[in-house]
Amino acid sequence: MELAQFCSTSRVIIVAGKGGVGKTTVTATLAVAAARTGMSVLIVEVEGKSGLAAAFDCPSLGYEESDLAPGVRARTLTPDAALVDWLENNGLKRISKRLVQTGALDIVATAVPGMKDILVLGKVKSLDVQRSADLILVDAPAAGHAITFLTSAQGLLDAVSVGPVRKQATDVVELLSDPERCRVLLVTMPEETPVSELVDTAFAIEDRTGVHLGPVVVNGCYEELGVDGTARQGNGDRPGPNGSASAAAVQHDAELLDVFVSEREARDLARAAAFRAERAAIQHHQADRLAQRLPLPQIRLPFLFTADLGLDEIEHLADVFAREVKAL
Amino acid sequence: VTGSLADVVERGHVVICCGSGGVGKTTTAAVLAVEGARRGRSAVVVTIDPAKRLANALGLDELSNSPREIATDRWDPKGERAPAGQLFAMMLDTKSTFDDLVTRYASSDEQRTRILENSFYRNISSALSGTQEYMAMEKLHELDEGGGFDLIVVDTPPSRHALDFLDAPQRLLRLLDNRIFRLLMVPTRTYLRVAGAAVQAFIKTVSRVVGSEVVNDIVAFFRAFEGMEEGFRDRAHKVVELLGEPTTRFVLITSPRRDAVEEARFFAEKIGDHDLAVDALIVNRVHPRFGTEHAAGLRARAASLRDLRVGSKEAAAARSRLAARYQNLADFNEIAELERSHLEAVRVRVGSAAVAFVPYLAHDVYDFDALAAVGRLLFAGAGDADPEPWAEGPED
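Note that the protein sequences, when read in sequence, are chains E and W. For the first sequence, the positions run 1 to 328 when the numbering used here is used. For the second sequence, the positions run 1 to 396 when the numbering used here is used.
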């Protein structure tokens, strides 16, 4: 599929996944990839975390939009801000202050579980209706909360029979169930527990909402070492005791090239290669397991050997993302 | 006094495991409880939302809201434990914990039923953010008072901020204490007199926004709950005291990823604000470092190898293999260096706390063999003495 086509399949993409799997990384990558096709992108960050702006080397985000990169804007949309915004838009500006001050708001929000989620998604809906950008990316809340986040509107329709909150929930359900307007992109890592949890989350979301799931993004995959498939064939990178067998293979190559490699270094090189081969094998196994259990196409993004995400890394990931989309 | 992990499981009575989501908190809590039991203590681990396979290994299901003993041959197959060592596990069920409290402290069956059947109560007990944290603390209190355990290891919920459980009791109390709705608790006739026109108008507006059933439920709840806040407040105070006891230990768990480390650092600061201290820092999923060579030098070596002129196809293949291996070693040592520099930021915040590292493991930890293996890594002695036992990388 062409990247431009992929990015315009729906106008809102909700990026969801367990904490620590790289949701923010994927959001940033997708934003840059989409902007390259000439689209304007708005990232909506619902937890008010700072990681996203830092990756673009920008000051932290606020309720007002700010520019992160050419074609990419971002803003926060915390539940509290969405609530105040909504009260004001519904002619309740006068009491909104009082609701907050007296703590009555917390009680009302408790009485209507999911109300804050609905107001956040409701605001996303109005951003969509106003055509604030060609593509709106929502960096969803972490973990199991993603399910609550997406199902709360449906749940509220069962609990509240009248009033503007119900109207808002209806709008949100409509947005979520229209594949031309909204899709969910699930993110995971090719590891056992994240894969198992992602499968559960995917089925829960499909069962409980009419939301359309896009491809699964498998983040943090080790790329091939580029040693002529040695990892797969076990030629030299299979761990021997203390890495000695493969250290011999390293020395063999060094002799062929007539370069000096100390015994210690040969051992380190061999062990690092064996470690990578081992991790890669586990990851392959887990990605395959995911493919078996969840019939969705996968977009695999590479593991980055830098603990800090910056613009260079995002650009690199966007290249890979585009390639992977093309292969879908 | 320099803390040690041995001190945590041997002398700690309450051990709170905290950290952001996805860093292996639950697993680490289980490892600590197993180690305590091996050292002869009657230990219980309170897990919160464990991964399915770990729950299975611990013999837990939805009905395990109170501690269940785990047969010794499962966690100590070789019979190495010190005498009296026992291991229990439970899985926190927020709603039943809350229901149990209401049942225990309601003044009459009628009050209990009115509360349990109220839909606002059902939302508080299952959906309110913070309730899970609060119930974890109530459970801790219950186990401390009546459980007879030497060692209570508590996992904390994966909240957005790792320290929500410290504030959770206050938050729930504030909600139960709300003035506007307390006005509604007084009997109907008085209420009309006491609650002025302003309050009534206010309630009316709220009804318009969310519907009157919702407001009626709220009012009914506050009426039904009357008289019970006092007990909740007392216990909340006791929990706060318990957290400050000299036998309470805080274990901060993190991964070396930047966002997790940021959260851990934030937590270490906040815990200090509560006049508490981190006793141990456990870092999971640390990349091994292979040798002492720095990434930059290795990368340069890879580049110069790639430029090497060769005369045969065979040598060209050897060249690309060797260059790739140098690049790979550079990559791993670079990430190891970065992780260690990130961790420095949290290490300076935890003062004299014990610091222990667990490397990337080939498999997720979900059975007792694996828990024991992590225990050996943490308690081998190296974990206490040498903050970087993985400098050489794992042996094959």
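Beta carbons are placed, not taken as given, at the ideal position from N, Cα and C, and that holds for glycine. In this text the structure is predicted, and so the values were computed from the model without any measurement.
Which of helix, strand or coil DSSP assigns to residue i
i: L143 of chain W; result: helix
i: M135 of chain W; result: helix
i: D386 of chain W; result: Note on D386 of chain W: pLDDT 40, under 50, position unreliable in the model; the coordinate value appears next. Three-state DSSP puts D386 of chain W in coil, outside helix and strand.
i: H284 of chain E; result: helix
i: H469 of chain W; result: Nothing about residue 469 of chain W can be read from this structure; chain W reaches only from 1 to 396.
i: E339 of chain W; result: helix
i: A6 of chain W; result: helix
i: N235 of chain E; result: Low confidence applies to N235 of chain E: its pLDDT is 42, below 50, so where it sits in the model is not reliable enough to give any reading.
i: L311 of chain E; result: helix
i: Y191 of chain W; result: Low confidence applies to Y191 of chain W: its pLDDT is 49, below 50, so where it sits in the model is not reliable, and the reading given next is rough at best. In the structure shown, Y191 of chain W sits in a helix (DSSP, three-state: H, G or I).
i: S205 of chain W; result: Looking at the sequence itself, residue 205 of chain W is Thr, so the reference to Ser does not match. In this structure, T205 of chain W counts as helix in the three-state DSSP scheme.
i: T94 of chain W; result: helix
i: P188 of chain E; result: Looking at the sequence itself, residue 188 of chain E is Thr, so the reference to Pro does not match. Reduced to three states, the DSSP call for T188 of chain E is strand.
i: P164 of chain E; result: helix
i: P246 of chain W; result: coil
i: P359 of chain W; result: strand
i: M39 of chain E; result: coil
i: R349 of chain W; result: coil
From the options, residue whose alpha carbon lies closest to that of residue i
i: G130 of chain W; options: W:R38, W:L175, W:R376 and W:A280; result: W:L175
i: F149 of chain W; options: W:V240, W:V15, W:F165 and W:I124; result: W:V15
i: L198 of chain E; options: E:V21, E:A4 and E:L3; result: E:V21
i: C18 of chain W; options: W:A302, W:G351, W:R319 and W:R265; result: W:R265
i: A324 of chain W; options: E:V216, E:L42, E:G103 and E:A273; result: E:A273
i: E206 of chain E; options: E:V217, E:P179 and E:V41; result: E:P179
i: F221 of chain W; options: W:V346, W:L116 and W:M91; result: W:L116
i: I218 of chain W; options: E:D106, E:W86 and E:K97; result: E:D106
i: Y121 of chain W; options: W:G22, W:A71 and W:A224; result: W:A224
i: C58 of chain E; options: E:L68, E:E64 and E:K49; result: E:L68
i: P67 of chain W; options: W:I124, W:E142 and W:R104; result: W:E142
i: F250 of chain W; options: W:M228, W:P256, W:A260 and W:D275; result: W:D275
i: L370 of chain W; options: W:A71, W:E269 and W:D76; result: In the sequence under discussion, the amino acid at residue 370 of chain W is Ala, which differs from the Leu named in the question. Nearest of W:A71, W:E269 and W:D76 to A370 of chain W, Cα basis: W:D76.
i: D158 of chain E; options: E:L127, E:G122, E:G114 and E:T193; result: E:G114
i: Q298 of chain E; options: E:L213, E:A104, E:R98 and E:R264; result: E:L213
i: F357 of chain W; options: W:L252, W:E269, W:Q327 and W:I271; result: W:L252
i: V365 of chain W; options: E:L301, E:A277, E:P194 and E:L127; result: E:P194
i: K123 of chain E; options: E:S96, E:I95, E:A81 and E:G155; result: E:A81
i: A303 of chain W; options: W:N328, W:N284, W:G291 and W:G311; result: W:N328
i: D85 of chain E; options: E:L119, E:L328 and E:S262; result: E:L119
i: V218 of chain E; options: E:L87, E:P302, E:G91 and E:T9; result: E:P302
Sheet register partners of residue i (DSSP bridge)
i: Q86 of chain W; result: W:S42
i: R329 of chain E; result: A question about residue 329 of chain E goes unanswered here, because the residues of chain E that appear run from 1 up to 328.
i: L252 of chain W; result: W:C18 and W:L281
i: N325 of chain W; result: The displayed chain sequence assigns Arg, not Asn, to residue 325 of chain W. According to DSSP, which records beta bridges pairwise, R325 of chain W is partnered with nothing at all.
i: R300 of chain E; result: E:V218
i: T151 of chain E; result: The partner list for T151 of chain E (beta bridge, DSSP) is empty, contrary to what the question assumes.
i: R68 of chain W; result: W:A89
i: R183 of chain E; result: E:I13 and E:H212
i: S416 of chain E; result: There is simply no residue 416 of chain E to check, as chain E begins at 1 and stops at 328 in what is shown.
i: A433 of chain W; result: Any question about residue 433 of chain W goes unanswered here, given that chain W covers just 1 to 396.
i: D139 of chain E; result: E:V15 and E:E45
i: I152 of chain W; result: W:V14 and W:V44
Nearest-angstrom Cβ-Cβ length linking residue i and residue j, presumed shorter than 8 Å
i: L176 of chain E; j: A153 of chain E; result: 7 Å
i: I136 of chain E; j: V44 of chain E; result: 6 Å
i: G163 of chain E; j: V153 of chain W; result: With 8 Å as the limit, G163 of chain E and V153 of chain W do not qualify as a contact, their Cβ atoms being about 46 Å apart.
i: F321 of chain E; j: L52 of chain E; result: Not confirmed; about 16 Å, so no contact.
i: S132 of chain E; j: L42 of chain E; result: 5 Å
i: V12 of chain E; j: K23 of chain E; result: So it is not a contact: roughly 16 Å between Cβ atoms.
i: Q286 of chain E; j: E224 of chain E; result: Wrong, their Cβ atoms sit about 17 Å apart, outside the cutoff.
i: V138 of chain E; j: V46 of chain E; result: 7 Å
i: H342 of chain W; j: L151 of chain W; result: In fact, because the Cβ distance is near 31 Å, the residues do not count as touching under 8 Å.
i: V261 of chain W; j: A353 of chain W; result: Not quite, the Cβ-Cβ distance comes to about 15 Å (not below 8 Å), so this is no contact.
- Report the residues of the segment 33-59 of chain W with a CB closer than 9 Å to any CB of chain E, ordered along the chain. D49, A51, K52, R53 and L54
Note to self: Against chain W, which members of the segment 171-192 of chain E pass a CB distance test of less than 9 Å?
What the structure shows: E191 and E192
**Request:** Please list the residues of the segment 266-291 of chain W that have a C-beta atom closer than 8 Å to any C-beta atom in chain E, keeping them in chain order.
**Result:** P288, F290 and G291
Practice item. Closer than 8 Å, Cβ to Cβ, to anything on chain W: give me those residues from the segment 155-171 of chain E, in chain order. Key: A159, V160, S161, V162, G163, P164, V165 and R166
- Short-range partners of chain E found in the segment 321-334 of chain W, where Cβ spacing is below 7 Å: R321, L322, A324, R325, Y326, N328, L329, D331, F332 and E334
Query raised in the report: Listed in chain order, which residues of the segment 19-32 of chain W have Cβ atoms closer than 8 Å to some Cβ of chain E?
Result: S20, G21, G22 and V23
Using a Cβ-Cβ cut-off of less than 7 Å, give me the residues of the segment 105-139 of chain E that come near chain W, in sequence order.
D106, I107, V108, T110, A111, V112 and P113
Residues within the segment 281-309 of chain E neighbouring chain W, beta-carbon criterion of under 7 Å:
I282, F305, T306, A307 and D308
Taking a cut of 8 Å between CB atoms, which residues from the segment 334-345 of chain W lie near chain E?
E334, I335, L338, E339 and H342
- prompt: Mind listing which residues of the segment 294-305 of chain W have their C-beta closer than 8 Å to chain E's C-betas, in chain order?
  reply: L305
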